[in-house]
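Student: Protein chains in written order, with my numbering: chain A, 1216 to 1508; chain B, 560 to 881.
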C-alpha cells in the first residue's frame, strides 16, 4: 500500500485530473469534426481556425464592448455557427460532386484565409480577456476553475447535441443521412438543408470550444495550429465519423499530453502523443474501437 | 521535323538560355528571386510526384524541415560538412517517410485519413523543432555558422551565380526524375491504384510497394529542397521550412500551376513568389498577412473553378484545338 501511494504522488494525480479536464474540450472539438465528416463526408482542415475566430469574437465582445462573459458566449456561439453554415454554402456546396480531396484542400485554403484575415484585422499581438478565475485547492492539488468550467460546459454541450440527435426530427434525419446519403434524398429529406444545419451545429461546437479556450489561452492568429493537428489525430485515432471513438480518443490523448508534459516540456507531451498515434496505426488502423479484420 | 525533335530542341534552347542568363544579367535581386523560384519549384515538383497520383500529403513541410534542420545541426554542432550532412538528412527524411507511410499503405489508409495523418506529421515535426529549442533555437529560427575555411566544403557561396547554377541543376534533376517516373511502368501502376486500389491489386500491382516507392522518392526530394534552402538563405525557422503552413503552401502552388503536368509546379512557384514579392515591394510591412489572404482566396477559387491549374488547363485547351 505504501509503495502504491508513492507511485501515485500528488503531482501525477494532479496531472491526470488536468488531463481529464483538457480531454473535455478536445472531445467537444472532435465531436464537431466527426459530425461534419460523418454527415457531409468532408474534413474541415480549418476547424481550429473557426475556434480562433470565435476566440477573437469573445475577446472583442468582452474586452472591447464590455459585455459580461455569460452574455457574450451565446453571441459568439451564434457567430461561429453562422460561419460554419457560410463555409458550407460558399466553399463546400459547389464542390460536393468533386473528388473528396478537393473539398479538403479548399478548406485548407480557408485556413489560409482565416489566419491571414486575423493577422490583417487583429494584428499578431497575443490578447486575453483579462479574466483570471480562481484556483481550486483540493488537498495539495490545484485545479483552475477555468478548466473545470470548460470540462463541465463541454460535457453539457455534448449532451445537448446527443439529445438533439436522438430526440428531434432533424437530428434523426442527420443520423439517417450519415448512414446512407443517397437513400435519404429519396425518402423526402432535404439533404441540402440538413447539410447546412449540420455545418451550423459543427460551427456552434467550435464556438463553444472558443468560449471555453479563451479563458485558458491567449488569442493570436496562429493559435489554431496549437490544437488543430491534435484534434485531427484524435478523430483519426477514434475513427473518422465515429462519435464514441472520438470521445474515448480525446481523453486518451489528453492524458498522454498531460502526463508527458509532467515529466518534460508540454511539446514533448505532444511528441509522445504522436508516437502513440503511429503505434496505434499499426495495431488499430481503422480506429480505436474497430475490431481487427 | 517531328514534334519530338522540335520539343527536344526547344528544351535544349531553353536550358541553354537559363544557364547563360546569370552571365548576361547580373542583377543580384533578380538572381535572388530566380534562385528562390528554382528551389521552391523543385520542392513543389517533389510534392506533385505524389500528388498527381492522388496521394495528397500535407506532411511535406515535415520532410523539408528534417532536410533543413538535420543538415544545419550536423554542421553547427558536429562540424559535419553539408556534403555528408545532406545525405544523412535525406536518409532521416526517407526513414521518417517509411515509418509514417508504411502503416498507412499497409493498412490501406487512404483519402481523408492519409491527409490527416500526414498533416499530423507536419505538426509534430514543428513541435519537435520547437521543443528542442536548446539545440534548434526553437521558433526564433536557426543560422548555420559561417565558415572560415573552404567555401566549397561548407557549401556556402557568396556569389549568387553559383547558387543560381546549383538551383538550376537541382531543378532540372527534379524534372528528369518526373520524366523518368512518367515513362516508367510505375506510373501506370500508380494511376491504376489511384483509380481503384482493389482492381489494381487484383491485376497484380504491388500496391503497398508502389506507393511506398513514390512516397520515399518524393520525401527525399523535398528534404533536399529544404537543405538547399537552408544553405542558400543561411537562416531557417520552423515556420519557413516546416509545419502545416509550408505543406499548404506547396499544395497551393501546385494546384495553381497544375498538378498533372511536369512544369505545373514551376508555374505555380513563379506565380506565388512573384505575387508575394510584388505585395512586399508594393505595400511593405502593411502587406503582412495580405499575401496569404490572397493565396487562400485564390486556392479556394482555383479548386472550385479550375482544378487542373493554369498550365494544365491551358495545355488541355491547346490539345483540344489541335
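Every residue gets a Cβ at the ideal spot worked out from N, C-alpha and C, and that includes glycine.
Keep in mind it's a predicted model, so treat the numbers as computed, not measured.
Can you give the Cα-Cα distance for residue 1498(A) and residue 1471(A), rounded to whole angstroms?
Tutor: Taking the straight line from one Cα to the other gives about 18 Å.
Student: May I have a chain-ordered list of the alpha helix (DSSP H) segments no shorter than 4 residues that lie completely inside the stretch 1333-1380 of chain A?
Tutor: Here no run is fully enclosed.
Student: What residues in the stretch 1334-1350 of chain A have a beta carbon less than 7 Å from any beta carbon of chain B?
Tutor: Correct list: 1334, 1335.
Student: What residue from 1326(A), 1315(A), 1250(A) has the CA that sits closest to residue 1388(A)'s CA?
Tutor: The residue with the shortest Cα to Cα distance from residue 1388(A) is 1250(A).
Student: Just tell me which of 700(B), 625(B), 708(B) has its CA closest to the CA of residue 680(B).
Tutor: Selected option, being the one with the closest Cα: 625(B).
Student: Check the Cβ of residue 686(B) against every Cβ in chain A and list those closer than 7 Å, keeping chain order.
Tutor: Those are 1482, 1485, 1486, listed as they occur along chain A.
Student: For residue 644(B) and residue 619(B), what's the separation of their Cα atoms in angstroms?
Tutor: About 20 Å.
Student: If contact means a Cβ-Cβ distance below 7 Å, which residues of the stretch 1400-1420 of chain A contact chain B?
Tutor: Taking 7 Å as the Cβ-Cβ cut-off against chain B, none of the residues of the stretch 1400-1420 of chain A qualify.
Student: Considering residue 708(B), what are the terminal residues of the alpha helix (DSSP H) in which it resides?
Tutor: Residue 708(B) -> no alpha helix (DSSP H), and no H or E assigned at all.
Student: Using 8 Å as the Cβ pair cut-off and three pairs as the minimum, do the stretch 650-663 of chain B and the stretch 710-729 of chain B touch?
Tutor: No, because fewer than three Cβ pairs between the stretch 650-663 of chain B and the stretch 710-729 of chain B fall closer than 8 Å, the two stretches do not touch.
Student: Under three-state DSSP, which class holds residue 1220(A)?
Tutor: Unreliable placement is indicated for residue 1220(A), whose pLDDT of 48 sits below 50; the coordinate value is still reported in the next sentence. In the structure shown, residue 1220(A) sits in a helix (DSSP, three-state: H, G or I).
Student: My guess is that residue 1230(A) and residue 1465(A) are in contact by the Cβ rule of under 8 Å, so how many angstroms apart are they, rounded?
Tutor: Not quite, the Cβ-Cβ distance comes to about 17 Å (not below 8 Å), so this is no contact.
Student: Decide if the stretch 814-826 of chain B is in contact with the stretch 596-616 of chain B; the criterion is three or more beta carbon pairs, one per stretch, under 8 Å apart.
Tutor: Output reads yes: the stretch 596-616 of chain B touches the stretch 814-826 of chain B.
Student: Compare the Cα-Cα distances from residue 603(B) to each of 859(B), 623(B), 590(B) and report the closest residue.
Tutor: It is 623(B) whose Cα lies nearest to the Cα of residue 603(B).
Student: Does the Cβ-Cβ distance between residue 1299(A) and residue 1265(A) come in under 8 Å?
Tutor: Closer than 8 Å, so yes.
Student: Decide if residue 1270(A) is buried, meaning its Cβ has at least 16 other Cβ atoms within 10 Å, or exposed.
Tutor: Burial call: buried.
Student: Among 1317(A), 1379(A), 1427(A), which has the Cα closest to the Cα of residue 1363(A)?
Tutor: Taking only the C-alpha atoms, the option nearest residue 1363(A) is 1427(A).
Student: Whose C-alpha, out of 1228(A), 1240(A), 1226(A), 1225(A), is nearest the C-alpha of residue 1463(A)?
Tutor: It is 1240(A).
Student: Give every residue of the same chain whose Cβ lies closer than 6 Å to the Cβ of residue 683(B), excluding the five residues on either side of it in the sequence, and list them in chain order.
Tutor: For residue 683(B), where only same-chain residues beyond five positions count, there are no Cβ hits under 6 Å.
Student: To the nearest angstrom, report how far apart residue 1275(A) and residue 1337(A) are at their CA atoms.
Tutor: Roughly 10 Å between the two C-alpha positions.
Student: Would you mind sorting residue 1508(A) into buried or exposed? The rule is 16 or more other CB atoms within 10 Å of its CB.
Tutor: Its pLDDT being 42, under 50, residue 1508(A) is placed unreliably in this model, and the coordinates cannot settle the point.
Student: In chain order, what residues of the same chain lie with their CB nearer than 8 Å to the CB of residue 1219(A), ignoring the 5 residues before and after it?
Tutor: Residue placement at residue 1219(A) is poorly supported in this model, since its pLDDT is 49, which falls under 50; the coordinates still yield a value, given next. So no residue of the chain qualifies.
Student: To the nearest angstrom, report how far apart residue 766(B) and residue 755(B) are at their CA atoms.
Tutor: So the alpha carbons of these two residues sit roughly 11 Å apart.
Student: Return no unless some Cβ of chain A is closer than 8 Å to the Cβ of residue 570(B).
Tutor: Chain A contact via Cβ: absent.
Student: Please check the pair residue 866(B) and residue 1304(A), which I expect to be a contact at CB under 8 Å, by giving their CB distance rounded to whole angstroms.
Tutor: That belief does not hold up - the Cβ atoms of residue 866(B) and residue 1304(A) are roughly 20 Å apart, past 8 Å.
Student: Once DSSP output is grouped into helix, strand and coil, what is the label at residue 668(B)?
Tutor: Residue state, collapsed to three classes: coil.
Student: To the nearest angstrom, how far is the alpha carbon of residue 672(B) from that of residue 1455(A)?
Tutor: Cα-Cα distance, rounded: 8 Å.
Student: Please give me, in chain order, every unbroken run of the alpha helix (DSSP H) with length at least 4 that falls completely inside the stretch 709-767 of chain B.
Tutor: Taking only runs of at least 4 residues, the alpha helix (DSSP H) segments lying wholly in the stretch 709-767 of chain B are 710-713, 719-742, 744-754, 756-761.
Student: Report the option in 1340(A), 1342(A), 1359(A) whose CA atom is closest to the CA atom of residue 1349(A).
Tutor: Ranking 1340(A), 1342(A), 1359(A) by Cα distance to residue 1349(A) puts 1359(A) first.
Student: Leaving out five residues on either side along the sequence, give the residues of the same chain with a beta carbon under 8 Å from the beta carbon of residue 678(B).
Tutor: Cβ within range, chain order: 617, 618, 803, 806.
Student: Going by C-alpha distance, which of 1435(A), 1486(A), 1289(A) is nearest residue 1420(A)?
Tutor: It is 1289(A) whose Cα lies nearest to the Cα of residue 1420(A).
Student: Whose Cβ in chain B lies nearer than 9 Å to the Cβ of residue 1313(A)?
Tutor: Those are 862, 863, 866, listed as they occur along chain B.
Student: Can you give me the start and stop residues for the alpha helix (DSSP H) that residue 1450(A) sits inside?
Tutor: 1439-1453 is the span of the alpha helix (DSSP H), which, as asked, contains residue 1450(A).
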